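Residue numbers (the working numbering): 1 to 164.
Where a beta carbon is used, it is the ideal one built from N, C-alpha and C, also for glycine.
Computed from a predicted structure; not experimentally measured.
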(Lines of atoms letter the chains of each structure in order from A and count residues from 1; the text may use other names and numbers.)
(Lines give C-alpha, C1' and ligand atoms only; values in the text may rest on other atoms or scores of the structure.)
Protein backbone atom coordinates (compact mmCIF):
# COMPACT_ATOMS: atom_id res chain seq x y z
CA UNK A 1 0.00 0.00 0.00
CA UNK A 2 2.73 2.48 1.01
CA UNK A 3 4.93 1.53 -1.95
CA UNK A 4 2.02 1.85 -4.40
CA UNK A 5 0.95 5.19 -2.95
CA UNK A 6 4.50 6.54 -3.01
CA UNK A 7 5.00 5.52 -6.63
CA UNK A 8 1.66 6.64 -8.02
CA UNK A 9 0.68 9.66 -5.93
CA UNK A 10 4.03 11.08 -4.86
CA UNK A 11 5.55 10.08 -8.23
CA UNK A 12 8.48 8.39 -6.50
CA UNK A 13 8.98 5.90 -9.32
CA UNK A 14 11.85 4.23 -7.48
CA UNK A 15 9.97 3.82 -4.17
CA UNK A 16 10.25 0.29 -2.87
CA UNK A 17 10.53 -1.94 0.16
CA UNK A 18 13.91 -3.23 1.27
CA UNK A 19 12.17 -6.59 1.57
CA UNK A 20 12.01 -6.70 -2.24
CA UNK A 21 15.10 -4.63 -3.11
CA UNK A 22 17.74 -4.22 -0.41
CA UNK A 23 19.56 -1.62 -2.52
CA UNK A 24 16.57 0.56 -3.36
CA UNK A 25 17.41 4.25 -3.58
CA UNK A 26 14.05 5.24 -2.10
CA UNK A 27 13.12 2.83 0.71
CA UNK A 28 9.60 3.61 1.91
CA UNK A 29 9.39 0.31 3.81
CA UNK A 30 12.48 -0.78 5.74
CA UNK A 31 13.82 -3.56 7.92
CA UNK A 32 13.04 -2.67 11.53
CA UNK A 33 16.28 -1.42 13.11
CA UNK A 34 15.99 -3.58 16.23
CA UNK A 35 15.87 -6.80 14.18
CA UNK A 36 19.14 -8.71 13.69
CA UNK A 37 19.62 -9.22 9.94
CA UNK A 38 22.34 -11.82 10.47
CA UNK A 39 20.47 -14.05 12.92
CA UNK A 40 16.92 -14.23 11.56
CA UNK A 41 15.59 -16.98 13.84
CA UNK A 42 13.17 -15.62 16.44
CA UNK A 43 13.74 -11.98 15.48
CA UNK A 44 10.31 -10.96 14.25
CA UNK A 45 7.99 -8.46 15.82
CA UNK A 46 5.71 -11.21 16.98
CA UNK A 47 2.55 -11.54 19.03
CA UNK A 48 -0.16 -9.28 20.33
CA UNK A 49 0.64 -5.55 20.31
CA UNK A 50 -1.38 -2.43 20.98
CA UNK A 51 -2.22 0.05 18.25
CA UNK A 52 -3.48 3.51 19.21
CA UNK A 53 -5.65 5.51 16.84
CA UNK A 54 -3.93 8.89 16.71
CA UNK A 55 -5.79 10.81 14.00
CA UNK A 56 -9.48 10.08 14.50
CA UNK A 57 -10.53 12.83 12.08
CA UNK A 58 -9.31 13.72 8.61
CA UNK A 59 -8.96 17.27 7.28
CA UNK A 60 -12.32 16.90 5.54
CA UNK A 61 -13.96 16.27 8.93
CA UNK A 62 -14.58 12.59 8.30
CA UNK A 63 -13.78 10.06 11.00
CA UNK A 64 -11.14 7.38 10.53
CA UNK A 65 -12.99 4.45 8.97
CA UNK A 66 -10.56 2.01 10.58
CA UNK A 67 -11.40 3.42 14.00
CA UNK A 68 -15.14 3.29 13.22
CA UNK A 69 -14.78 -0.38 12.30
CA UNK A 70 -13.17 -0.97 15.70
CA UNK A 71 -16.25 0.64 17.32
CA UNK A 72 -14.35 3.90 17.94
CA UNK A 73 -11.86 2.24 20.28
CA UNK A 74 -8.85 4.39 21.06
CA UNK A 75 -6.54 1.37 21.39
CA UNK A 76 -6.82 -2.09 19.85
CA UNK A 77 -4.76 -5.22 20.35
CA UNK A 78 -3.81 -7.13 17.21
CA UNK A 79 -1.31 -9.83 16.37
CA UNK A 80 1.92 -9.17 14.51
CA UNK A 81 4.38 -11.27 12.55
CA UNK A 82 6.83 -9.15 10.57
CA UNK A 83 10.26 -7.57 10.34
CA UNK A 84 9.46 -4.45 8.29
CA UNK A 85 7.95 -1.02 8.92
CA UNK A 86 7.16 2.20 7.10
CA UNK A 87 10.36 4.22 6.87
CA UNK A 88 10.08 6.93 9.57
CA UNK A 89 12.00 9.33 7.28
CA UNK A 90 9.20 9.10 4.67
CA UNK A 91 6.15 9.22 6.96
CA UNK A 92 5.60 12.99 6.89
CA UNK A 93 5.78 13.26 3.08
CA UNK A 94 3.42 10.33 2.58
CA UNK A 95 1.01 11.65 5.21
CA UNK A 96 1.04 15.15 3.67
CA UNK A 97 0.27 13.63 0.26
CA UNK A 98 -2.97 12.22 1.65
CA UNK A 99 -2.32 8.70 2.93
CA UNK A 100 -3.16 9.10 6.60
CA UNK A 101 -1.39 7.08 9.26
CA UNK A 102 -4.25 6.84 11.73
CA UNK A 103 -2.87 4.09 13.98
CA UNK A 104 0.53 3.86 15.62
CA UNK A 105 2.28 1.50 17.98
CA UNK A 106 2.44 2.09 21.73
CA UNK A 107 5.52 4.32 21.33
CA UNK A 108 3.81 6.46 18.69
CA UNK A 109 6.72 6.01 16.27
CA UNK A 110 5.77 2.93 14.25
CA UNK A 111 2.96 3.25 11.69
CA UNK A 112 0.34 0.51 12.12
CA UNK A 113 -2.79 1.63 10.22
CA UNK A 114 -3.03 3.78 7.08
CA UNK A 115 -6.08 4.91 5.15
CA UNK A 116 -7.48 7.39 2.70
CA UNK A 117 -10.47 9.51 3.74
CA UNK A 118 -13.72 8.09 2.37
CA UNK A 119 -14.14 11.23 0.27
CA UNK A 120 -11.14 9.95 -1.75
CA UNK A 121 -11.88 6.20 -1.78
CA UNK A 122 -14.75 4.04 -0.47
CA UNK A 123 -12.43 1.83 1.62
CA UNK A 124 -8.67 2.16 1.34
CA UNK A 125 -7.37 0.76 4.62
CA UNK A 126 -4.15 -1.09 5.34
CA UNK A 127 -2.59 -2.38 8.51
CA UNK A 128 0.82 -3.67 9.50
CA UNK A 129 -0.57 -6.42 11.72
CA UNK A 130 -2.45 -9.55 10.68
CA UNK A 131 -6.18 -9.02 11.29
CA UNK A 132 -6.92 -12.49 9.94
CA UNK A 133 -5.29 -14.02 13.05
CA UNK A 134 -8.20 -12.89 15.23
CA UNK A 135 -10.99 -13.19 12.67
CA UNK A 136 -13.71 -15.78 13.30
CA UNK A 137 -16.63 -16.97 11.13
CA UNK A 138 -19.28 -15.12 13.13
CA UNK A 139 -16.97 -12.33 14.30
CA UNK A 140 -14.90 -11.07 11.36
CA UNK A 141 -11.92 -8.85 11.99
CA UNK A 142 -12.92 -5.16 11.75
CA UNK A 143 -10.71 -4.38 8.72
CA UNK A 144 -12.17 -7.33 6.78
CA UNK A 145 -15.69 -6.53 7.94
CA UNK A 146 -15.25 -2.99 6.58
CA UNK A 147 -13.95 -4.28 3.26
CA UNK A 148 -16.93 -6.60 2.86
CA UNK A 149 -19.39 -3.86 3.82
CA UNK A 150 -17.82 -1.48 1.29
CA UNK A 151 -17.80 -4.14 -1.43
CA UNK A 152 -21.52 -4.81 -1.06
CA UNK A 153 -22.52 -1.16 -0.68
CA UNK A 154 -23.45 -1.36 3.00
CA UNK A 155 -20.62 0.62 4.62
CA UNK A 156 -22.46 3.97 4.68
CA UNK A 157 -25.39 2.40 6.52
CA UNK A 158 -23.03 0.74 9.01
CA UNK A 159 -21.20 4.03 9.65
CA UNK A 160 -24.50 5.90 10.13
CA UNK A 161 -25.64 3.36 12.71
CA UNK A 162 -22.25 3.43 14.44
CA UNK A 163 -22.53 7.21 14.92
CA UNK A 164 -25.99 7.01 16.49
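| Check | Outcome |
| --- | --- |
| Rounded to whole angstroms, how far is the Cβ of residue 16 from the Cβ of residue 8, which I believe are closer than 8 Å? | In fact, because the Cβ distance is near 13 Å, the residues do not count as touching under 8 Å. |
| Run the CB neighbour count on residue 127, radius 10 Å, all protein chains shown included, and call it buried at 16 or more, exposed below. | buried |
| To the nearest angstrom, report how far apart residue 74 and residue 13 are at their CA atoms. | 35 Å |
| Around the C-beta of residue 137, are 16 or more other C-beta atoms found within 10 angstroms, so that it is buried, or is it exposed? | exposed |
| With which residues is residue 127 paired in a DSSP beta bridge? | 113 |
| Should residue 99 be labelled buried (16 or more other beta-carbon atoms within 10 Å of its own) or exposed? | buried |
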